[in-house]
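These protein sequence lines are chains H and P, in that order. Its first residue numbered 1, the first sequence is counted upward by one per residue in the UniProt record's numbering. Its first residue numbered 1, the second sequence is counted upward by one per residue in the UniProt record's numbering. Every residue, glycine too, gets a C-beta built ideally from N, C-alpha and C. Here the structure is laid out as structure tokens; the discussion comes afterwards.
2 protein chains.
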Amino acid sequence: MQSQGKPTINDVARLAGVSKKTVSRVINRSPLLNGSTRAKVEAVIAEIGYVPNVQARALALRHNFLIGLVHDNPNAQMVMNVQAGMLEAMRDTEFELIVRPIDRGSSTMLQDIRAFLERQRLYGVMFLPPVSENEMVADLCRELGIRYVRMGSATLDSAKHMVASNDADVVRDAVKHLLSLGHRRIGLIAGPHGFRSARERRKGFEEALAEAGIKLPRSLIADGNYTFETGLAAADRLLDLSPRPTAIFASNDEMAAATLHAAMRRGMTVPENLSIIGFDDTAIASHIWPPMTTVHWPIISMARSAALKLLTDFFGDDQAVEEPSLFPSTLIHRASVAPPRED
Amino acid sequence: MQSQGKPTINDVARLAGVSKKTVSRVINRSPLLNGSTRAKVEAVIAEIGYVPNVQARALALRHNFLIGLVHDNPNAQMVMNVQAGMLEAMRDTEFELIVRPIDRGSSTMLQDIRAFLERQRLYGVMFLPPVSENEMVADLCRELGIRYVRMGSATLDSAKHMVASNDADVVRDAVKHLLSLGHRRIGLIAGPHGFRSARERRKGFEEALAEAGIKLPRSLIADGNYTFETGLAAADRLLDLSPRPTAIFASNDEMAAATLHAAMRRGMTVPENLSIIGFDDTAIASHIWPPMTTVHWPIISMARSAALKLLTDFFGDDQAVEEPSLFPSTLIHRASVAPPRED
DNA sequence: TTGTAAGCGTTATCAG
DNA sequence: CTGATAACGCTTACAA
């Protein structure tokens with residue numbers, strides 16, 4: 001009976017004069033189907049406004065039409081950008097985005113992820129750094145037979161399972177830029193231990209100095225945690241130094257904004273007294289004054305690509321354009337950098 | 001057979017020597033169950049690590065274990081805060097959060113929401129402003145029989161379906177504060193037309209002036225759209241005025257940050273030459289220099305409460321503490337406000 | 001190329 | 001209080 005509630009596959013089958021299975025084949029775009037049969041069924045579907053029940057399909061197919069986003073990230077803007085990118089790729093599909101923040105550090109993290117994946121039977125899942133850097137999440141997905149993509153600051157996995165940026169390279173360039181302007185005492189606010197991105201960015205920083213034959217005292221490197229507060233503390237430590245650094249590279253925008261904050265609080269002027277470069281190119285970088293020179297991290301593109309990788313089986317062969325896996329970051333020149341002014 | 005794959009309700013039933021239905025009753029915390037039977041079943045569940053299959057439950061129950069978040073919001077930080085609050089409430093439940101951005105303005109918006117709700121059969125859904133202000137989404141949820149909560153800047157619905165803040169009141173207080181410091185030419189950067197929050201905040205602004213018997217030229221009100229860019233344009237318009245306003249209230253932090261940006265770009269000093277008050281108390285307010293006086297909008301608490309309202313049936317009567325519906329905002333005093341200095 | 005029968009794992013009905 | 005049986009709506013064998 002169709003009169004009651006929403007039409008089901010049975011209604012379609014009956015009205016089209018075919019079997020349920022044939023309707024099912026139409027829904028699932030089975031290739032072995034007579035064109036006229038398909039047309040007939042599609043006509044009925046359109047006419048009565050039939051929409052397949054996702055719960056029933058999920059039960060039979062053993063997977064949901066959901067793409068998961070697993071993260072444990074201190075940066076809100078980054079997570080939002082990732083969501084935006086993924087949703088862009090998923091637009092006009094039947095897939096939905098399910099968000100799952102987790103507690104790295106928790107001893108049950110891996111079990112939590114496993115429970116989440118097993119329970120929801122996701123179609124695919126995307127991991128953000130730093131969780132994505134944990135090799136065990138990849139193992140877990142392979143064991144569970146679930147599609148996954150990891151985002152990272154360096155290549156961690158095969159192209160199918162990875163979207164990466166070249167953090168070390170672009171930071172090296174950024175620091176070289178500082179050097180070319182005449183800066184010699186350059187401070188680094190490093191990211192948290194255990195983050196691959198933090199390591200890569202630091203590596204780029206050190207490579208640039210090494211290539212220029214410059215050896216800096218260890219004191220010019222301060223530890224941060226990618227948060228504003230830790231950035232503030234690190235910047236204060238650096239600015240207390242004597243002689244003071246003439247430029248600071250902060251491993252993300254949040255800490256770069258904190259550096260600007262710390263400098264202005266002391267009555268310093270940026271970029272006259274201090275040049276600052278950040279990393280991420282999140283909104284705050286261009287919103288603060290002076291607008292901040294920073295590395296543009298193409299997160300939205302990476303996230304979109306990641307989602308497309310996850311959906312590649314679904315879209316079928318016709319759309320089998322290989323999604324890129326490496327997304328070059330670029331330095332965005334704004335107003336927080338100038339040649340050093342000795343005073 | 002349990003050897004293959006994950007244990008099912010049948011395995012539990014067999015091992016416990018009861019029927020499937022009895023196990024089902026245990027899972028669903030049915031009150032009419034013999035204590036010893038329950039204990040026996042629970043023991044088996046724990047022993048073999050049985051986890052109910054959500055897809056099958058969804059099919060039988062006609063609803064998923066998902067809470068939806070529907071929004072069309074220009075402010076990333078706000079959406080993240082909402083997610084954080086909701087997820088906090090959902091922690092340690094079997095519910096997951098599914099995020100659905102929509103395109104207000106699209107002629108198919110309501111149909112899109114309907115399709116989403118019907119397809120996913122959510123357990124409950126939360127609407128953010130400005131979509132939440134549309135009475136038709138509430139009608140839709142009632143028609144579909146789906147739990148919903150709306151967030152807004154004024155009371156739009158019954159307590160069960162609403163979390164609201166008192167924007168007009170707190171803005172009135174904020175502007176009175178400006179007046180008490182001696183400001184007389186106060187500019188307003190208004191929010192977008194059609195947003196209830198924009199209207200409420202403007203109302204508070206106008207009430208404060210009216211109560212003080214001050215009549216301001218229409219030119220001191222500039223239109224914004226809650227984005228940085230529109231805030232910048234509006235601030236420039238205001239700062240081009242002669243005489244210039246000595247203080248500006250911006251209807252959200254993003255536009256307040258833009259106001260600061262515009263002022264500093266002109267070489268003005270804040271708060272000496274211009275006092276600024278924002279609204280939201282998002283991260284940027286405290287991160288920029290000088291730290292910005294703003295209205296703290298308790299979004300995280302509101303979102304947590306909203307999710308709890310959605311889950312109230314699930315938690316059962318024992319936890320039936322009535323969640324609040326009104327969340328007072330408060331003015332946070334920072335460094336962007338000072339008495340006017342005539343120069 | 002299409003159809004038939006048997007699940008997928010759970011809950012509702014209604015009897016005991 | 002508990003259990004047998006029929007849904008829930010779709011897909012996967014396996015035939016035809």
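Contacts with chain H at 8 Å (Cβ-Cβ) do not include residue 170 of chain P. Looking only at P:151, P:233, P:79 and P:78, the smallest Cα-Cα distance to residue 309 of chain P is reached by P:151.
With contacts defined by Cβ atoms closer than 8 Å, residue 85 of chain P and residue 300 of chain P form a contacting pair. Against chain P, the CB of residue 289 of chain H has a partner CB under 8 Å away; the residue lies at that interface. Of the residues assessed, residue 106 of chain H falls on the exposed side of the cut-off, its CB having fewer than 16 other CB atoms within 10 angstroms. Counting along the chain, residue 240 of chain P sits inside no beta strand (DSSP E); it lies in the alpha helix (DSSP H) bounded by residues 228 to 240.
The Cβ-Cβ distance between residue 226 of chain H and residue 271 of chain H does not fall below 8 Å.
Nearest to residue 210 of chain P by alpha-carbon distance, out of P:219, P:175 and P:242, is P:175. By the neighbour-count criterion, in which a residue is buried when 16 or more other Cβ atoms sit within 10 angstroms of its Cβ, residue 251 of chain H is buried. In chain order, 328 place their CB closer than 6 Å to the CB of residue 166 of chain P, counting only its own chain and leaving out the 5 sequence neighbours on each side. Scanning the segment 146 to 182 of chain P for uninterrupted alpha helix (DSSP H) segments of 4 residues or longer gives 167 to 180, listed from N- to C-terminal end. Considering only beta carbons, the part of the segment 79 to 98 of chain H lying closer than 9 Å to chain P consists of 79, 80, 81, 83, 84, 87, 94, 96, 97 and 98, in chain order.
Here DSSP, grouped into helix, strand and coil, assigns residue 224 of chain H to coil. Residue 34 of chain P sits exposed, since fewer than 16 C-beta atoms from the chains shown fall within 10 Å of its C-beta. Sixteen is the threshold: when 16 or more other Cβ atoms of the shown chains lie within 10 Å of the Cβ of residue 75 of chain H, as they do, the residue is buried. Under the three-state reduction of DSSP output, residue 144 of chain P falls in the helix class. The beta carbon of residue 16 of chain H sits closer than 6 Å to those of 40, 41 and 44, all from its chain and outside the five residues before and after it, given in chain order. In the three-state reduction of the DSSP assignment, residue 280 of chain H falls in the strand class, which pools E and B. Under the three-pair Cβ rule at 8 Å, the segment 87 to 107 of chain H counts as touching the segment 55 to 72 of chain H. The Cβ atoms of residue 275 of chain P and residue 312 of chain P lie no closer than 8 Å to each other.
The beta carbon of residue 336 of chain P sits closer than 6 Å to those of 270, 271, 276, 290, 292 and 293, all from its chain and outside the five residues before and after it, given in chain order.
Per DSSP, reduced to three states, the secondary structure at residue 121 of chain H is coil, with no helix or strand assignment.
Partner residues in the beta bridge of residue 96 of chain H, as assigned by DSSP, are H:66. The way I'd put it, the segment 200 to 208 of chain P does touch the segment 184 to 191 of chain P; three or more beta-carbon pairs between them come closer than 8 Å.
Annotation: residue 271 of chain H has no Cβ neighbours in chain P at a cutoff of 9 Å; minimum Cβ distance is about 14 Å.
Within chain P, the C-beta atoms nearer than 9 Å to that of residue 77 of chain H come from 76, 77, 80 and 283, in chain order.
Residues of chain H with a Cβ closer than 9 Å to the Cβ of residue 142 of chain P do not exist; the shortest Cβ-Cβ separation is about 17 Å.
Among the residues of the segment 290 to 302 of chain P, those with a Cβ less than 9 Å away from any Cβ of chain H are 290 and 291, in the order of the chain. Here residue 224 of chain H is near residue 231 of chain H, since their CB atoms are less than 8 Å apart.
For residue 264 of chain H, the closest Cβ of chain P is nearer than 8 Å.
A check of alpha carbon separations from residue 304 of chain P across P:116, P:163, P:256 and P:12 identifies P:163 as the nearest. The residues 299 and 300, in chain order, have a CB closer than 6 Å to that of residue 81 of chain P in the same chain once the five nearest residues on each side in sequence are set aside. Under the DSSP assignment, residue 296 of chain P falls in the beta strand (DSSP E) whose first and last residues are 293 to 296. Taken in chain order, the whole beta strand (DSSP E) runs of length 3 or more contained in the segment 6 to 83 of chain H are 66 to 71.
Classified as exposed, residue 19 of chain H has fewer than 16 neighbouring CB atoms from the shown chains inside 10 Å of its CB. Classified as buried, residue 120 of chain H has 16 or more neighbouring CB atoms from the shown chains inside 10 Å of its CB.
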